[in-house]
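Residue 71 in the working numbering sits at position 71 of the sequence shown, and the numbers go up by one each step.
All residues carry an ideal CB built from backbone N, CA and C; glycine is no exception.
On a predicted model such as this, the values are computed, not experimentally measured, just so you know.
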Amino acid sequence: MRDLITLVEAARLLRVGRSTIYRLADSGELVVLRIGRCLRVRPEALEEFAREHEQKNGSARRIAPDGRAEKKHGRTTRLSP
Numbered sequence: 001m002r003d004l005i006t007l008v009e010a011a012r013l014l015r016v017g018r019s020t021i022y023r024l025a026d027s028g029e030l031v032v033l034r035i036g037r038c039l040r041v042r043p044e045a046l047e048e049f050a051r052e053h054e055q056k057n058g059s060a061r062r063i064a065p066d067g068r069a070e071k072k073h074g075r076t077t078r079l080s081p
């Protein structure tokens, strides 16, 4: 088995904040292992997460909590279906 990654290491690899990586783990978007009180990520799970969230067309989008993509239009933000 390959080495497991801590959530802090995963955040560093994805270049996101610590709170973001914990939110992704809590929501189930990022598959994690709980070993006692510790949370770890398999490298394969982190790679799969990154692949699933790649931007194909280069435009930046945020993902809303309900899973819909937010697109910026002028000063307002609209949720796309």
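Q. DSSP puts ARG34 in a beta bridge; with which residues?
A. Locating residue 34 in the sequence shown gives position 34, where the first residue counts as 1. Per DSSP, LEU39.
Q. Exposed or buried, GLU32, counting other C-beta atoms within 10 Å across all chains shown (16 or more means buried)?
A. Here residue 32 refers to the residue found at position 32 of the sequence shown. The residue asked about is misnamed: residue 32 is Val in this sequence, not Glu. Burial call: buried.
Q | Cα-Cα separation between CYS38 and GLU54, rounded to whole angstroms | A | For the purposes of this step, residue 38 is identified with residue 38 of the sequence shown, where counting begins at 1. For the purposes of this step, residue 54 is identified with residue 54 of the sequence shown, where counting begins at 1. Going by the C-alpha atoms only, they are around 28 Å apart.
Q. So, is ILE35 buried or exposed, given that buried needs 16 or more other C-beta atoms within 10 angstroms?
A. Indexing the sequence shown from 1 puts residue 35 at position 35. ILE35 comes out exposed.
Q: Using the Cα positions of ARG42 and LEU4, report the straight-line distance between them to the nearest angstrom.
A: For the purposes of this step, residue 42 is taken as the residue at position 42 of the sequence shown. For the purposes of this step, residue 4 is taken as the residue at position 4 of the sequence shown. Whole-angstrom Cα-Cα distance: 5 Å.
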